[in-house]
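Colleague: Chains as they are written, first to last, in my numbering: chain A, 8 to 413; chain B, 8 to 413; chain C, 120 to 489; chain D, 120 to 489.
Quick reminder that beta carbons are idealized off the backbone N, C-alpha and C, glycines included.
Have a look at this one before I ask anything.
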Amino acid sequence: MDFNDNPQEAAFRAEVKSWLAKHAPKFAQKGSNVRREGEGEEDVAAAKEWQALKADAGYAFIQWPKEYGGRGSAMQSVVYAQEEAKYSLPRNYFIIGAFAGPTLMSYATDEQKSRFIPPMLRGEEVWCQLFSEPGAGSDLAGIRTRAELEGDTWVVNGQKVWTSFAYMAEWAILVTRHDPTLPKHMGLTYFYFDMRSPGVEVTRIKQVSGGSDFCEVFLNDVRIPDSQRLGRVGDGWSVCLTTLMNERFNAGDAYRPDANELVTLAKRLKIDGKPAIQNAAIRERIAEWHIQSAGAKFTKFRTLTALSRGQTPGAEASILKLINASKLQDVGAFGMDLLGMAGILTDVDEEDAQFLLAYMAAPGARIAGGTDEILRNIIAERVLSLPSDIRVDKELPFNKLAGSAK
Amino acid sequence: MDFNDNPQEAAFRAEVKSWLAKHAPKFAQKGSNVRREGEGEEDVAAAKEWQALKADAGYAFIQWPKEYGGRGSAMQSVVYAQEEAKYSLPRNYFIIGAFAGPTLMSYATDEQKSRFIPPMLRGEEVWCQLFSEPGAGSDLAGIRTRAELEGDTWVVNGQKVWTSFAYMAEWAILVTRHDPTLPKHMGLTYFYFDMRSPGVEVTRIKQVSGGSDFCEVFLNDVRIPDSQRLGRVGDGWSVCLTTLMNERFNAGDAYRPDANELVTLAKRLKIDGKPAIQNAAIRERIAEWHIQSAGAKFTKFRTLTALSRGQTPGAEASILKLINASKLQDVGAFGMDLLGMAGILTDVDEEDAQFLLAYMAAPGARIAGGTDEILRNIIAERVLSLPSDIRVDKELPFNKLAGSAK
Amino acid sequence: MNFDFSEEQKELRDHARRYLKDRCPWTVVRGVLEGAAPYSGDLWAGVAENGWTATALPEAYGGIGLGYVDLCVIAEELGRVTAPIPFSSTVYLAAEALLLSGDEANQSDYLPKIAAGEIIGTFALAEGAGALTMDNIQTQFANNRLTGTKIAVPDGDTATFAVVLAQSSRGPSWVLVDLTKGGVTREAVKTVDPTRSHAKLTFDGAQAEPLGGPGKGWELTQCLFDRAAVLFAFEQLGGATSAMEMARNYAIERYAFGRAIGSFQAIKHRLADMFVKNELARSNCYFAAWALSTNAPELPLAAASARVAASDAYHFASKENIQIHGGMGFTWEADCQFHYRRSRLLGLNLGGAPEWKDRLVTALEKGAAA
Amino acid sequence: MNFDFSEEQKELRDHARRYLKDRCPWTVVRGVLEGAAPYSGDLWAGVAENGWTATALPEAYGGIGLGYVDLCVIAEELGRVTAPIPFSSTVYLAAEALLLSGDEANQSDYLPKIAAGEIIGTFALAEGAGALTMDNIQTQFANNRLTGTKIAVPDGDTATFAVVLAQSSRGPSWVLVDLTKGGVTREAVKTVDPTRSHAKLTFDGAQAEPLGGPGKGWELTQCLFDRAAVLFAFEQLGGATSAMEMARNYAIERYAFGRAIGSFQAIKHRLADMFVKNELARSNCYFAAWALSTNAPELPLAAASARVAASDAYHFASKENIQIHGGMGFTWEADCQFHYRRSRLLGLNLGGAPEWKDRLVTALEKGAAA
């Protein structure tokens, strides 16, 4: 039991380190625990340049198969990510491409693949994912966006939501309902299409935290050629699962502030004239959050060990997100409590403000990418093989389901 | 807003106080927070004598209608209980009678009522309640004890469990399944019968806490005349609900140890040479449990106010039991933690031992009389009017239900 | 047993609820969140017109002769709608400070104007991160001049006067400052809840006068906070109840997997837990209202218990309300944010939960010793 | 990255699991619960025969040359079945104390017998309620005589020898006592978990010899507890995993309302929470195993983290296991009680959670300062 790379990993890490040392500093920005607002056009331009450089060196989407420009290695992808994380590089606008790519690889024609995969890899075209809807979040199969076939063209109407980077994306993957009289999971059909098509309208969604990373996308009589359908008519659900399978791969990093930031704060503050770090109540909380943080960190190491041994990781990503999001909320609120009446202030040093910012960001973290409740279901059903919830929506025609008319 | 009796309550309280002052001391025992074991025959004899005395004075089952020897007043019943609780009196073996009585009042013949109600009131006959089964606890309607009609006699076979006082009861109320081919709630029929009948076998159940207040009751070809049926054949479920409605009336008293006992302990123990009560972590826990205890106490006062104003209380009893049982477990474990390595010891002064005893008793408290999970369902459905769980067991014949064959 | 509001108080509550439903829908709160005004002038005027600012004030000073339990009733209703007005600073803090001070001249000057809703007052305590102690007060009072900085002062930007805790040669003392006069700089500051305005106050030899006796400032502040904690707790209770109702209503309306999400135990049991916390908080609040209205010796314990219970209940309800609403609940357009912001603000305005848990146990120790 | 047991260690684990499934079913544990024997003699003999008591001991003293990670593997398996044997007192405490002491004469005397499973040893610390401190040790050592009382000593009734922390003229010191000789009174005591025996030891001028240097007893005890905490944590982890599996299996088998109770979110989400706690504990334990086996400077932090995480996970799993079993789980006949009892025992044997959380943060402060 140790923390060392195996020889192949060590060699790859050395290669990556030296490549990054040469190329990354030019792109690295001043780092910050906290991202307060959106990003500008310079950031996008820099990100595209960086992605192209990575693609040329074979570091863009390392987990992709070699024939598409990757290296076919989950473990190498992790090693690269660990090393890249040591630099504060421009934001990754190409993350959706990383999931959409494998879907195209499985379902698109050779011609389509050679048209779209290379610019996806190089960041020349940004993709977005039109899945969730106002009425279908956790229950993705409940989407209502209609696709109706007219000749060899589908006419699409509906509203999508929680779409990252839609405001800048050139292309999109999309799931629609082609037949509401079929049972829920059987009436879905999947496409890719050009976001610059007539009838596409994008609005950024402002969140309580002040951020607006997500968009709403309205589709009004958007016309999509049948040749851009991925999978058969009615197979949309299983194509979705292909995309989501690739998404789950991303195990969340620990959020900050965490136990360590509370130690720093408690050393600085005083309670009744003594350093707050001597206060037993504060110490207990720090201890409780530390075992979560350390547990999460070493759980990741266990996952990496499994990857390194060629095994498939389990539900670790669900565990980590579940605990990290709630911890962020709790640590944020607790840090504010320690600051006392000053805890309400926004425009103060980042050392103090980080707790309020965490408190305001955390509700989103508990929801986006799988709510706490969905994650517990995943853990219970996939790891512990407990029975699924009673399903009342599997067999009825979609348009006869309770709530589906809303 | 005050804590005063209204004039009628004050008058009744004075009357009760003076009656108790005259009669109770003779029956009062040395009190103890903790009941470690079962009770002997002297206790039973004293309890019967005390119950008869109360019945003569109109204090036995005050909430019963006047015509049956009560006073028809929930509020007076509470006032009496408050005053009686100031004495440590022999155990109340007659509690089941208090629930069974109203069921007989609703469903029995006049002759049966005059035969059974008076001795029930006076504690001359002890009753027990044969409802739960090994396979049917929270889901009471899932019982399997069979009743089959032969001429005008029902032959009953099955196993009941969690029956208080069955080992000493003369009579029982009983719910059975007369037809397993009917849907679950429709195949039930309700009886009363003589526990001294042939084929009745009672075993006391030993619990993890060491107590054995509950019994298992095996029924082998027990013969019950059809005249002892309460309600129509197939109406057993609604007769059960009558009984349970009366049971819910009992709002649980706070369990001990609680926040106050922790204050006492923490004043006595030292941590790093200073009284443990100065330790902030201990103070936080005490504060958190105090708001629960105080909240529970004043919630009871609000319930009593509603009763006093002639209103029907809501789900308060469920709230109190839910928080008290978990608090008992948490306070027990925490007190043991404070005692440190000595916390494991059983045969020590009650001041120290009470935490271990609480820890060992608490799992039962979280289950008996409605599990935590059932109580949350009750609160959610009855108070907040949230939808019930999806039911898969309402319409199918009982013997076709998953799990019903086990 | 008579442990509930009276019929008259219930009528007052129903009236207040109807009034606020009409005059303080979420759009009014959102107007303050997104706009430049420090508070809703219309609502503040309406509240004064209703006499709510005069509820518990003595009739001699323009009060309307109701009691503190009635003020608790009002507080709960204001808390339900997260009313964006300087009510708590003016009524729970400034007016109560004047009453506690025993200073009849200042009472005669200020209380009638507060009763009439003509002025805003506040109380200034915090000077930096962490809890203030008797020994580390930096703001100095000498020769009727005040010098120093107070931060996160509620409505410090709009108040006419402030009661300020300052260090003096006689020890910690209260002083009264007219904030509209010279030597006072006020700077509005951003907080977790922009629907209630706060300011940093800098005093540079500002004219001030002693209030409540020299060297009495620390004990007076503890008394004031015990009293204010009860009224804050009722605002928190109202907020917690409203957040629970929002979540409950959404759980019934919103469908997923073909059923109302309120039929999933993960949701319904969390709502049950909210209800339990809210009911326990309510019961603690009622006891505190009784203690406040009767000046009972139990007030310190009752006030701390109400504050700890109500802070916890509101925090839980406001965060789980967003969670139950899902992604939509986290958007700027949704109204869930008002409770999420306000619960944190009220939970910190009088100092955080750790401080109040400590106060609670101090009171409990005294009780156990007695 | 290689943060897992090796193939050989996994084989050891599988072998130990099969062996204990066969030799330590619940009936064996129940035999000790209900019988007069202080431990299961058969199992203890079998464990020794397997060489488990020799796992981490040096080969020079009859050890079998495996390491501490292997001993952690064994500990987890013993914890799964709540093995009713004096393994932890003898192997994690007495043997480790001898190794830490550097006393070669006593090592040569005792370690080979421990390796062979011929004797039971223990460590005696507690003297009363609450945590012992350097200053309040009452047991006195002078002129090679020991006087005082130690309570709740694991296997104190059957051990051949004990390492005892006592006060001496040179400060707190370890001494080694032969418990079979004069001046020692042992009294078996009842505890929360009768499947592991404990005793009160009274020394009345008992012959004893210093161990590990005069005045070093306190620091040695801290080192010993860091090491033992890791091994205890693996027992707790094994217990937590087993309790979760019991609950999970019951939730699938047991039907109510026409469905497996494991299909209700109240149950399935609680099982998910158990799994999460157990996995976090497991990850902390692995780190601690690495730190123990490499004598890493991170050991104090890693050991405290593993202990706090595993104590919490086992407590949660053992109590919710009963809850998920319902009334049947609370009967004496059910096997749920073994984990409910053992989780509390292991959580207290080295001192309670508050002490260990404090140790954890002390280590964290040092790390943050470095």
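Could you tell me which of C:E195, C:G154, C:F122, C:V210 sits nearest to L139 (chain C), measuring between CA atoms?
Modeller: Comparing Cα-Cα distances from L139 (chain C) to each of C:E195, C:G154, C:F122, C:V210, the minimum goes to C:E195.
Colleague: The alpha helix (DSSP H) that contains H94 (chain C), what's its start and end?
Modeller: No statement about residue 94 (chain C) is possible, as the shown extent of chain C runs from 120 to 489 and does not include it.
Colleague: Establish whether the CB of S382 (chain D) and some CB of chain A are separated by less than 7 Å.
Modeller: Yes, contact with chain A.
Colleague: Short of 7 Å Cβ to Cβ, which residues in the segment 60-83 of chain B face chain D?
Modeller: Flagged: no residues at all.
Colleague: Roughly how many whole angstroms lie between the Cα atoms of W145 (chain D) and A62 (chain A)?
Modeller: Approximately 59 Å, taken between the alpha carbons.
Colleague: Counting only Cβ-Cβ distances shorter than 7 Å, please list the residues of the segment 372-402 of chain B near chain A, keeping chain order.
Modeller: For the segment 372-402 of chain B, which is checked against every Cβ of chain A, the residues closer than 7 Å are I397, V399.
Colleague: Considering D113 (chain C), what are the terminal residues of the beta strand (DSSP E) in which it resides?
Modeller: Past the edges of chain C, shown from 120 to 489, lies residue 113 (chain C), and the structure says nothing about it.
Colleague: Whose C-alpha, out of C:P329, C:D297, C:S316, is nearest the C-alpha of L284 (chain C)?
Modeller: Considering only alpha carbons, the answer is C:P329.
Colleague: Compare the C-beta of M120 (chain D) against all C-beta atoms of chain A and say whether one is closer than 7 Å.
Modeller: Interface residue, yes.
Colleague: Could you tell me if M343 (chain A) is buried or exposed, where buried requires 16 or more neighbouring beta carbons within 10 angstroms of its beta carbon?
Modeller: It counts as buried.
Colleague: Thinking C-beta only, is R137 (chain C) closer than 7 Å to V311 (chain C)?
Modeller: Not in contact: V311 (chain C) and R137 (chain C) (Cβ atoms no closer than 7 Å).
Colleague: Measure the alpha-carbon distance for S288 (chain D) versus A281 (chain D) and round it to whole angstroms.
Modeller: Distance between the alpha carbons of S288 (chain D) and A281 (chain D): 21 Å.
Colleague: Whole angstroms are fine: how far does the CA of L147 (chain A) sit from the CA of R211 (chain A)?
Modeller: One C-alpha to the other measures close to 21 Å.
Colleague: Counting contacts by CB-CB distance shorter than 7 Å, is N286 (chain B) in contact with chain A?
Modeller: Yes, its Cβ sits closer than 7 Å to a Cβ of chain A.
Colleague: Does R478 (chain C) come out as helix, strand or coil in the three-state DSSP assignment?
Modeller: Three-state result, R478 (chain C): helix.
Colleague: List the residues of chain D whose Cβ lies closer than 7 Å to the Cβ of A385 (chain C), in chain order.
Modeller: Per Cβ cutoff of 7 Å: Q384, H388.
Colleague: So which residues on chain A does D254 (chain C) lean against when the C-beta distance must stay under 8 Å?
Modeller: Result: G280.
Colleague: What residues in its chain sit with their C-beta under 7 Å from that of V294 (chain C), if we drop five residues either side in the sequence?
Modeller: Cβ within range, chain order: F260, L265, V283, A285, A327, E328, P329, L330.
Colleague: Hey, is L311 (chain A)'s beta-carbon within less than 7 Å of any beta-carbon in chain D?
Modeller: Interface residue, yes.
Colleague: To be precise: take each residue of the segment 197-227 of chain C, compare its Cβ to all Cβ atoms of chain A, and keep it if any distance is under 7 Å. Which residues remain?
Modeller: Listed by position along the chain: nothing, the set is empty.
Colleague: Residues bridged to W178 (chain B) by DSSP?
Modeller: W178 (chain B) is bridged to B:W134, B:D201.
Colleague: Below 7 Å between beta carbons: does that hold for S361 (chain C) and P333 (chain C)?
Modeller: No, these two residues do not count as a Cβ contact at 7 Å.
Colleague: For S325 (chain A), which residues in the same chain have their Cβ closer than 6 Å to its Cβ, ignoring the five residues on either side in sequence?
Modeller: Hits under 6 Å: L382, I385, I386.
Colleague: Quick one, are the C-beta atoms of T110 (chain A) and T319 (chain A) less than 7 Å apart?
Modeller: No, they are not a contact pair.
Colleague: Once the 5 residues before and after D9 (chain B) are set aside, which same chain residues still bring their CB inside 8 Å of it?
Modeller: Counting only Cβ-Cβ distances below 8 Å, and skipping sequence neighbours, we find nothing.
Colleague: Taking the alpha carbon of K476 (chain D) as the reference point, which residue from D:V200, D:T299, D:S207, D:A422 has its own alpha carbon closest?
Modeller: If we check each option's Cα against that of K476 (chain D), D:A422 comes out closest.
Colleague: How big is the Cα-Cα spacing for D323 (chain C) and D297 (chain C)?
Modeller: Taking the straight line joining both Cα atoms gives about 13 Å.
Colleague: Quick one: Cα of G38 (chain B) to Cα of S95 (chain B), how far?
Modeller: Note on G38 (chain B): pLDDT 43, under 50, position unreliable in the model; no value is reported.
Colleague: How about V85 (chain B) and R20 (chain B): do their beta carbons lie closer than 7 Å?
Modeller: No.
Colleague: Is DSSP giving V399 (chain A) helix, strand or coil here?
Modeller: Correct three-state label for V399 (chain A): coil.
Colleague: Reducing DSSP to helix, strand and coil, say where L393 (chain B) ends up.
Modeller: DSSP places L393 (chain B) in coil when its eight states are reduced to three.
Colleague: So R389 (chain A) and A322 (chain A) are in contact, right, with Cβ under 8 Å, and what is the actual spacing, rounded?
Modeller: About 6 Å separates the two Cβ atoms, so the contact holds.
Colleague: I'd like the ranges of any alpha helix (DSSP H) spanning at least 4 consecutive residues and lying wholly in the segment 21-89 of chain B.
Modeller: Runs of the alpha helix (DSSP H) inside the segment 21-89 of chain B: 48-64.
Colleague: Give me the Cα-Cα distance between K274 (chain A) and W178 (chain A), rounded to the nearest whole angstrom.
Modeller: Their backbone Cα atoms lie some 50 Å apart in a straight line.
Colleague: Given A176 (chain A), which residues of its chain have a CB within under 7 Å of its CB, disregarding the five upstream and five downstream residues?
Modeller: So the qualifying residues of the chain are V133, W134, C135, M202.
Colleague: Do K55 (chain A) and G130 (chain A) count as a contact pair if the criterion is CB distance below 7 Å?
Modeller: Yes.
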